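A.B. asks: Okay, so the sequence shown: first residue is 373 according to the working numbering, each after it adds one.
C-beta atoms are modelled at their ideal positions from N, C-alpha and C, and glycine is treated no differently.
Keep in mind it's a predicted model, so treat the numbers as computed, not measured.
I have a structure here, written as C-alpha cells, and I will follow up with some questions on it.
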Amino acid sequence: MTTYSECPTVFVDAETLMSCGLLETLKFSVLELQEHLDTYNAKREAAEQWLKDCKRTFGTDDGIHGASTDAQELELCRRLYKLHFQLLLLFQAYCKLISQVNVVKKEAEVINMSEELAQLEACLKEAAAYSSIEDTDIPEASQSSTETAIHSLIETLRNKEFFSAIAQVKAFRYCKMPFANIPDLARMQLGVSLNQGLT
C-alpha cells in the first residue's frame with residue numbers, strides 16, 4: 373500500500389482519546405488489523421513456497437501432466453485464492469479503522485486540524501533536511517527543563533520559525549534525552565502542539 377500512497381498519520385491529544393472512547397476502540401481495531409496482517413504474511417510465504425515447488429516440478433516435466441501435477445496446480449490455485457481473500461480481510465479491517473477515526477472527527481467538541489498539522493509537519497521536515505545545530509543560537513534558559521523547552525518550542529512553532537524549532541529540538545536532545553530522528557520527533561512535536569492549542 374505504501375508503494376502508491378503514504379499511510380495516513382493521525383495526531384490526537386490524550387483528552388480526545390479518552391473522552392470519545394477512541395483509545396479502546398482503536399486498540400481492538402489495531403489488534404484485529406495486526407492479526408489479519410500476520411495471517412496474510414504467513415499465507416503469502418506459504419503460497420510463494422508452493423509456487424517454487426511447482427516451478428521445480430513443472431520444470432522437469434516431460435510434457436505429460438499426471439494426476440500429481442494437476443493436484444499441485446489445484447493446490448496452488450487454492451492457496452492463491454485464500455491469499456486474495458486474506459488481503460480483502462486486511463483491507464476491510466483497515467477501512468474499519470479509518471471509519472472509526474472519521475466518526476470521532478465529526479463530533480462537535482473535536483477540532484479537526486489535519487490540514488494545518490500536515491503543513492506544519494512538511495515545514496519541519498524541510499527545515500530538518502537543511503538545518504544544522506550550529507545555525508541558530510539557543511538560549512540556555514529555554515532548555516532548562518522539559519516543560520520550559522516544550523513551551524519554548526510551541527512558541528517558536530507559532531511564530532513559524534521552523535529552523536529555530538529544529539535547532540531547539542536538537543539542542544534539547546543532546547542535552548537531556550535521546551529522542552528519535554527528526555521526522556519522528558516532528559510528529560511528537562505536532563502532537564504536543566495540538567494538545568497546547570496550536571493554531
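Let me confirm a value: residue 412 is counted as buried when at least 16 other C-beta atoms fall within 10 Å, else exposed. Which label applies?
C.D. replies: buried
A.B. asks: With a cut-off of 8 angstroms, do at least 3 Cβ pairs link the segment 439-456 to the segment 417-427?
C.D. replies: yes
A.B. asks: Quick check: the Cα distance between residue 545 and residue 524, rounded to an integer number of angstroms?
C.D. replies: 14 angstroms
A.B. asks: Measuring alpha carbon to alpha carbon, tell me which residue in 519, 517, 498 is nearest residue 533.
C.D. replies: 498
A.B. asks: If you count every other CB in all the chains shown that lies within 10 Å of the CB of residue 383, and 16 or more means buried, which is it?
C.D. replies: Under the 10 Å beta carbon count, residue 383 is surrounded by 16 or more other beta carbons and is classified as buried.
A.B. asks: What residue from 469, 542, 475 has the CA that sits closest to residue 398's CA?
C.D. replies: 469
A.B. asks: First and last residue of the alpha helix (DSSP H) that includes residue 532?
C.D. replies: Looking at the DSSP string, residue 532 is not in any alpha helix (DSSP H), and its letter there is neither H nor E.
A.B. asks: Within 10 Å of its beta-carbon, does residue 373 have 16 or more other beta-carbons around it, so buried, or fewer, so exposed?
C.D. replies: Here residue 373 scores only 47 on pLDDT, less than 50, and its place in the model should not be relied on; the value that follows carries that caveat. Exposed.
A.B. asks: Is residue 451 near the ligand MG, with its Cβ less than 7 angstroms from a heavy atom?
C.D. replies: Looking for the ligand MG in the displayed structure turns up nothing, as the structure carries no ligands at all.
A.B. asks: Please name the residue in 450, 517, 401 whose C-alpha comes closest to that of residue 463.
C.D. replies: Of the candidates 450, 517, 401, 401 places its Cα closest to the Cα of residue 463.
A.B. asks: Can you tell me where the alpha helix (DSSP H) holding residue 497 begins and where it ends?
C.D. replies: Where residue 497 is concerned, the enclosing alpha helix (DSSP H) stretches over 486-502.
A.B. asks: Only counting the same chain, and skipping five residues up and downstream in sequence, which positions put a Cβ closer than 7 angstroms to that of residue 477?
C.D. replies: 484
A.B. asks: Quick check on residue 479: does DSSP put it in helix, strand or coil?
C.D. replies: coil
A.B. asks: With DSSP run on the structure shown, which of helix, strand or coil describes residue 541?
C.D. replies: Looking at residue 541 - three-state DSSP - the assignment turns out to be helix.
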